[in-house]
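One structure is given below, encoded as structure tokens.
Protein chains in written order, with our numbering: chain L, 258 to 519; chain B, 11 to 287.
So this is what it looks like as structure tokens:
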């Protein structure tokens with residue numbers, strides 16, 4: 258080690274790289290990030306396939322603005338409304354953070370539906386990606402759950418009465434309905450605990466589940482790869498292969514893929 | 011044959027992986043570039059909506075009047091209000107309107123729980139219903155028709171929900187004079203006030219009254235509740251804690267309405283001696 262004397266620039270480089278090497282040796286994270294960034298995706302992926310990333314971005318906006326709102330919001334019936342007024346009218350850029358959270362929710366939900374529509378039309382839910390479709394549907398219901406629980410928090414007339422009706426609807430479900438309604442309300446009717454319960458569900462329970470499911474969702478995307486568009490001339494595996502030859506006349510990747518196999 | 015299909019789809023996927031490895035492009039920078047642009051657009055749209063929301067609000071942009079994107083904040087919640095029309099956020103309008111389609115008491119549960127549950131199960135089951143490997147849309151007519159129908163019905167339900175003038179409660183309020191005439195409490199102001207509460211508080215989601223409302227299992231028909239002569243005190247206690255008075259009752263408590271409203275409701279129930287028609 259001491260045999261060769263390092264130049265000054267090499268020393269600097271080594272000092273900078275040391276923490277990275279330290280981390281890599283103990284966690285393998287650098288290799289993981291490299292694998293994530295430099296994994297191959299089909300050459301003809303298109304703009305429709307950015308909807309997933311767009312949805313993720315909208316969720317991150319919700320998480321960040323939500324965290325800021327949580328620093329000022331007071332989840333009790335006596336303080337909730339005035340804390341929202343305080344956020345909207347008094348705090349620096351409070352209206353912007355609240356507005357972004359309020360409308361980011363709509364954007365998040367629209368993007369989830371659009372992303373799902375893209376996956377459906379591309380047939381990207383088919384083997385071997387069935388599980389990721391299911392996780393996606395769960396994420397959609399969680400997102401709608403966030404919309405439902407978040408709507409009550411301003412504690413104004415609109416949010417209060419919409420939630421009363423929403424809980425009543427849950428309550429009409431056979432067997433589980435009354436229990437679900439009671440769980441949501443934190444009692445047998447809407448009371449002071451209902452608001453803090455909705456708050457806990459809205460900012461701890463469901464977001465935790467969403468984070469976990471997004472992690473799984475992305476893991477499966479990386480593991481299984483990105484689908485190419487269904488009209489792709491380069492899409493893999495077009496047509497059945499007989500004796501190692503593609504029987505259909507389609508050109509493209511499938512021919513390259515089988516080359517040299519015999 | 012099924013095993014042939016499984017062997018074939020495994021082969022196709024292996025080939026896809028080999029092809030992508032050989033001919034694909036790296037995620038960074040190509041796909042990531044598009045993702046980043048799209049993400050910036052999303053953030054810009056969200057910020058834009060927040061700005062429009064605030065600065066289209068009339069006056070000093072702080073009031074409770076509605077701007078282009080609706081109110082910044084409504085009046086404070088008041089559990090005692092009886093004439094408020096409940097309205098969910100716009101992305102629940104399709105569910106909201108679905109309820110209004112099912113007006114017959116026996117079918118309300120279809121709109122509230124039945125159809126949404128069926129849709130969710132179908133959505134989860136799509137990969138197991140559609141087992142073909144075919145992805146080209148021109149060869150998937152059922153998928154095309156299904157997606158057009160879903161988009162159309164969601165669109166129509168959302169539009170109808172957005173433009174619906176009255177909620178369920180206000181339609182029921184219109185029936186109060188005929189209830190009063192039929193049950194014989196026309197001059198009883200307390201009972202009339204109670205009837206209004208009864209119409210807007212969701213009681214008819216479960217109970218039937220004078221031929222309208224839901225028929226939730228275990229929720230009795232209240233048309234002739236007063237004929238049982240249980241007394242106003244009993245009715246108030248029951249509304250506060252149904253399970254205390256009727257063990258095992260699935261009915262939620264309505265204590266949140268407040269003593270005055272509960273008294274009105276109890277008066278209405280006791281005045282409902284049964285339809286005379």
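Each residue gets a CB set at the ideal place from its N, CA and C atoms; glycine is no exception. Here the structure is a predicted model, which is why all the values come from computation and not from measurement.
Assigned secondary structure, residue i (DSSP; H/G/I helix, E/B strand, else coil)
i, result
"residue 298 (chain L)", "strand"
"residue 222 (chain B)", "strand"
"residue 77 (chain B)", "strand"
"residue 330 (chain L)", "coil"
"residue 25 (chain B)", "helix"
"residue 471 (chain L)", "helix"
"residue 459 (chain L)", "helix"
"residue 364 (chain B)", "With chain B represented from 11 up to 287, any question about residue 364 (chain B) goes unanswered, as that position is not in the structure."
"residue 15 (chain B)", "helix"
"residue 144 (chain B)", "coil"
"residue 251 (chain B)", "coil"
"residue 261 (chain B)", "coil"
"residue 256 (chain B)", "coil"
"residue 324 (chain L)", "helix"
"residue 316 (chain L)", "helix"
"residue 397 (chain L)", "helix"
"residue 137 (chain B)", "helix"
"residue 488 (chain L)", "coil"
"residue 292 (chain L)", "helix"
"residue 155 (chain B)", "helix"
"residue 149 (chain B)", "helix"
"residue 497 (chain L)", "In this prediction, residue 497 (chain L) has a pLDDT of 41, which is less than 50 and means its spatial position is unreliable; nothing more can be read from the coordinates."
"residue 195 (chain B)", "coil"
"residue 379 (chain L)", "coil"
"residue 68 (chain B)", "coil"
"residue 217 (chain B)", "coil"
"residue 365 (chain L)", "helix"
"residue 282 (chain B)", "coil"
"residue 96 (chain B)", "coil"
"residue 211 (chain B)", "coil"
"residue 233 (chain B)", "coil"
Residue i classed as buried or exposed, judged by whether at least 16 other C-beta atoms fall within 10 angstroms
i, result
"residue 347 (chain L)", "exposed"
"residue 222 (chain L)", "Since the first residue shown for chain L is 258 and the last is 519, residue 222 (chain L) is missing from the structure and cannot be characterised."
"residue 187 (chain B)", "exposed"
"residue 335 (chain L)", "exposed"
"residue 425 (chain L)", "buried"
"residue 275 (chain L)", "exposed"
"residue 173 (chain B)", "exposed"
"residue 58 (chain B)", "exposed"
"residue 24 (chain B)", "exposed"
"residue 484 (chain L)", "buried"
"residue 51 (chain B)", "exposed"
"residue 28 (chain B)", "buried"
"residue 13 (chain B)", "exposed"
"residue 311 (chain L)", "buried"
"residue 277 (chain L)", "exposed"
"residue 263 (chain L)", "exposed"
"residue 102 (chain B)", "buried"
"residue 357 (chain L)", "buried"
DSSP bridge partner residues for residue i (one or two, in chain order)
i, result
"residue 413 (chain L)", "B:86"
"residue 36 (chain B)", "L:297"
Cβ neighbours of residue i in the same chain (closer than 7 Å, five flanking residues each side left out)
i, result
"residue 203 (chain B)", "274"
"residue 214 (chain B)", "182, 222, 223 and 224"
"residue 408 (chain L)", "416, 419 and 420"
"residue 22 (chain B)", "143"
"residue 78 (chain B)", "62 and 66"
"residue 301 (chain L)", "485, 486, 489 and 491"
beta-carbon residue i near the ligand GTP non-hydrogen atom, thresh 7 Å
i, result
"residue 164 (chain B)", "As for the ligand GTP, it is missing from this structure, which has no ligand bound."
Cβ neighbours of residue i in the same chain (closer than 6 Å, five flanking residues each side left out)
i, result
"residue 390 (chain L)", "382"
"residue 82 (chain B)", "67"
"residue 196 (chain B)", "190"
"residue 350 (chain L)", "none"
"residue 403 (chain L)", "463"
Contacting residues, own chain, Cβ-Cβ under 8 Å from residue i (five flanking each side not counted)
i, result
"residue 111 (chain B)", "121"
"residue 308 (chain L)", "368, 371, 372 and 375"
Residues of the stretch 15 to 42 of chain B with Cβ closer than 8 Å to any Cβ of chain L, in chain order
Contact residues of the stretch 15 to 42 of chain B toward chain L are 18, 19, 21, 22, 23, 25, 26, 27, 28, 29, 30, 31, 32, 33, 34, 35, 36, 37, 38, 40, 41 and 42 (C-beta to C-beta distance below 8 Å).
Between the stretch 282 to 296 of chain L and chain B, which residues of the former have a C-beta closer than 9 Å to a C-beta of the latter?
Cβ contacts with chain B come from 293, 294, 295 and 296.
Can you list, in chain order, the residues of the stretch 265 to 279 of chain B whose Cβ is nearer than 7 Å to any Cβ on chain L?
For the stretch 265 to 279 of chain B, which is checked against every Cβ of chain L, the residues closer than 7 Å are 265 and 266.
Under 9 Å, CB to CB, which of the residues in the stretch 41 to 65 of chain B have a partner in chain L?
The stretch 41 to 65 of chain B vs chain L, Cβ under 9 Å: 41, 42, 44, 45, 46, 47, 48, 49, 50, 51, 52, 53, 55, 56, 57, 58, 59, 60, 61, 62, 63 and 64.
Residues of the stretch 447 to 469 of chain L with Cβ closer than 8 Å to any Cβ of chain B, in chain order:
Hits within the stretch, in order: 447 and 448.
Pull out every residue of the stretch 352 to 363 of chain L whose Cβ sits closer than 9 Å to any Cβ of chain B, in chain order.
Contacts with chain B (Cβ-Cβ distance below 9 Å) from the stretch 352 to 363 of chain L involve 352, 353, 354, 355, 356, 357, 358, 359, 360, 361, 362 and 363, listed in chain order.
Taking any Cβ of chain B, which residues in the stretch 326 to 349 of chain L have a Cβ under 7 Å from it, in chain order?
Those residues of the stretch 326 to 349 of chain L placed with their C-beta closer than 7 Å to a C-beta in chain B are 338, 341, 342, 345 and 346, ordered along the chain.
Under 9 Å, CB to CB, which of the residues in the stretch 263 to 277 of chain L have a partner in chain B?
Taking 9 Å as the Cβ-Cβ cut-off against chain B, none of the residues of the stretch 263 to 277 of chain L qualify.
Can you list, in chain order, the residues of the stretch 406 to 417 of chain L whose Cβ is nearer than 8 Å to any Cβ on chain B?
If the cut-off is 8 Å between Cβ atoms, the stretch 406 to 417 of chain L has 408, 411, 412, 413, 414, 415, 416 and 417 near chain B.
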